Amino acid sequence: MTLDDLLRQAAAPPYALTFDHARHGHFGTFTHFRIEANRIFITASDGCADRQARAHPGDLVTSPATGRKVRSTLERLDFDSEESEKWRLSLGKFIGTIMFGKRNTAGQYDWLLANFPDHYTLWVRKTQHPPIYNREKKPRQDIYLHGAPVSVTNSFRSPEEFARHAMWLMDGQPRDEEGHTRCVCKYCKRDGKHRLGDQKIVTGELSSLRKAILRGQPRRSESGGDKAEMGSRSDPVEREGK
Ligand SMILES: [Zn+2]
1000 MTLDDLLRQA AAPPYALTFD HARHGHFGTF THFRIEANRI FITASDGCAD
1050 RQARAHPGDL VTSPATGRKV RSTLERLDFD SEESEKWRLS LGKFIGTIMF
1100 GKRNTAGQYD WLLANFPDHY TLWVRKTQHP PIYNREKKPR QDIYLHGAPV
1150 SVTNSFRSPE EFARHAMWLM DGQPRDEEGH TRCVCKYCKR DGKHRLGDQK
1200 IVTGELSSLR KAILRGQPRR SESGGDKAEM GSRSDPVERE GK
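Structure follows, in structure tokens:
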């Protein structure tokens, strides 16, 4: 996909925000989300109550890499934890730029995802490898966002993985005429009939989009282009039978 295609996707719907100087940020209320002082509240969700992870305090599992026994715990992260805030700041940055053409600016609140969609929760898995020569190693930490439908994924593993899916929820979960999702996250994006499943491509597109938008390239909304309300960050390419 060319940068022009990506920009076209990024720029379609002018979700017009108002700026309130006294309250240090942008505001706006839309069908599936609202913005309050650069905080993004997603009010739509495809999350499932029965897709929650279960905490466990210390299972012994065999490491696939080494074949040795490691101790693995899974804990739910508080919404206000440092890790959660890091994820949500990162998501805020992607969404602020790609959906609204905004960047973090002095004198304003940073763009921040203010909630996870309903039934989405953040978890940390800590894996403790046995000591080597009596030296304790720091546990490895992996963070997962649980709650997505089984048809999408078991978990999102980074803000970059979840960014596109979050934008798709904010756009109203658009689908093509055949009912296939137009989401272009790693887990939904398709190449013809097949899932693409390549985060490198998704992350590469996210970062070239952000850079291009921040460089101030003309956006379709500014050049009088069409004002489609939906599908902006989703794949505009029609599916073709192959
Ligand atoms: Zn998706």
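According to this note's numbering, the sequence shown holds residues 1000 to 1241 in order.
For every residue, glycine included, the Cβ atom is placed at its ideal position computed from N, Cα and C.
A quick note: this is a predicted structure, and the numbers were derived from the prediction, not measured.
Grab the span of the alpha helix (DSSP H) containing Arg1214 for me, first residue to last.
The sequence position of residue 1214 within the sequence shown is 215, counting from 1. Neither: Arg1214 is in no alpha helix (DSSP H) and is coded neither H nor E.
Run through DSSP, which three-state label would Val1149 get?
In the sequence shown, residue 1149 corresponds to position 150, counting from 1. DSSP places Val1149 in coil when its eight states are reduced to three.
Excluding five sequence neighbours on each side, which residues of the same chain lie with their C-beta closer than 7 Å to the C-beta of Ser1083?
Counting from one through the sequence shown, the residue named residue 1083 turns up at place 84. Leu1076, Asp1077 and Leu1121, listed in sequence order.
Would you say Leu1168 and Thr1096 are within 8 Å of each other, going by their C-beta atoms?
Translated into the one-based positions of the sequence shown, residue 1168 becomes position 169. Translated into the one-based positions of the sequence shown, residue 1096 becomes position 97. No, these two residues do not count as a Cβ contact at 8 Å.
Integer-rounded CB distance, given that His1023 should sit under 8 Å from Ala1036:
For this step, residue 1036 is matched to residue 37 along the sequence shown. For this step, residue 1023 is matched to residue 24 along the sequence shown. At roughly 6 Å, the Cβ-Cβ gap stays under 8 Å, so Ala1036 and His1023 are in contact.
Bridge-paired residues (DSSP) for Ile1142:
Your numbering for residue 1142 matches position 143 in the sequence shown. Beta-bridge pairing links Ile1142 to Val1123.
Give a yes or no on contact between the segment 1142 to 1153 and the segment 1170 to 1179, applying the rule of three or more CB pairs nearer than 8 Å.
Between the segment 1142 to 1153 and the segment 1170 to 1179 there are fewer than three inter-stretch CB-CB distances shorter than 8 Å, so the stretches are not counted as touching.
Going along the chain, which residues of its own chain have a beta-carbon closer than 6 Å to the beta-carbon of Asp1117, five neighbours each way excluded?
Start at 1 with the first residue of the sequence shown, and residue 1117 comes out as number 118. If we look at Asp1117 and ignore the five residues flanking it on each side, its Cβ neighbours are Ser1044 and Gly1046.
Contacts around Arg1070, its chain only, beta-carbon distance under 7 Å, and the 5 residues preceding and following it disregarded
Locating residue 1070 in the sequence shown gives position 71, counting from the first residue. Around Arg1070: Gly1057, Leu1059 and Gln1127.
So Ile1034 packs on His1020, CB below 8 Å; how close in whole Å?
Here residue 1034 corresponds to residue number 35 of the sequence shown, with the count starting at 1. Here residue 1020 corresponds to residue number 21 of the sequence shown, with the count starting at 1. Not a contact, Cβ separation roughly 15 Å.
Report the three-state DSSP secondary structure of Ser1220 (helix, strand or coil).
On the sequence shown, position 221 is the one that residue 1220 refers to. With a pLDDT of 40 at Ser1220, under the threshold of 50, the predicted position of this residue should be treated as unreliable, and no value is reported.
Helix, strand or coil: how does DSSP classify Phe1157 here?
Numbered from its first residue, the sequence shown carries residue 1157 at position 158. Phe is not the amino acid found at residue 1157; the sequence shown has Ser there. In this structure, DSSP gives Ser1157 a state outside helix and strand, which the three-state scheme calls coil.
I'd like to check one pair, His1193 with Gln1051: are the Cβ atoms closer than 8 Å?
One-based indexing of the sequence shown puts residue 1051 at position 52. One-based indexing of the sequence shown puts residue 1193 at position 194. Cβ atoms of Gln1051 and His1193: not closer than 8 Å.
Can you give me the C-alpha to C-alpha distance between Met1098 and Leu1205, rounded to a whole angstrom?
Within the sequence shown, residue 1098 is the residue found at index 99, counting from 1. Within the sequence shown, residue 1205 is the residue found at index 206, counting from 1. Met1098 and Leu1205: Cα-Cα distance of roughly 11 Å.
Count the other CB atoms, across all protein chains shown, that sit within 10 Å of the CB of Pro1158; report buried if there are 16 or more and exposed otherwise.
Here residue 1158 is taken as the residue at index 159 of the sequence shown, counted from 1. Result: buried.
Which value, in whole angstroms, describes the spacing of the CA atoms of Ala1054 and Pro1138?
Residue 1054 sits at position 55 when you count from the first residue of the sequence shown. Residue 1138 sits at position 139 when you count from the first residue of the sequence shown. Cα to Cα, the separation comes out at about 17 Å.
Whole angstroms are fine: how far does the CA of Cys1187 sit from the CA of Asp1197?
Here residue 1197 refers to the residue found at position 198 when the sequence shown is read from its first residue. Here residue 1187 refers to the residue found at position 188 when the sequence shown is read from its first residue. Roughly 10 Å separates the two Cα atoms.
Just verifying my parser: in three-state terms, what is the DSSP assignment at Asp1049?
Position 50 of the sequence shown holds residue 1049. Helix, per DSSP.
In angstroms, rounded to a whole number, what distance separates the CA positions of Lys1185 and Phe1093?
Walking along the sequence shown from the start, residue 1185 turns up at place 186. Walking along the sequence shown from the start, residue 1093 turns up at place 94. Between Lys1185 and Phe1093, the C-alpha separation is close to 15 Å.
Provide the residue span of the beta strand (DSSP E) that contains Gly1091, from first to last.
Start at 1 with the first residue of the sequence shown, and residue 1091 comes out as number 92. No beta strand (DSSP E) holds Gly1091; the alpha helix (DSSP H) holding it covers Glu1081 to Phe1099.
So, for Ile1131: in the same chain, excluding its five sequence neighbours on each side, which residues have a beta-carbon less than 8 Å away from its beta-carbon?
Looking up residue 1131 in the sequence shown gives position 132. For Ile1131, where only same-chain residues beyond five positions count, there are no Cβ hits under 8 Å.
Suppose you measure from the CA of Arg1038 to the CA of Lys1210; what does that come to, to the nearest Å?
As a position in the sequence shown, residue 1038 is number 39, starting the count at 1. As a position in the sequence shown, residue 1210 is number 211, starting the count at 1. Approximately 21 Å, taken between the alpha carbons.
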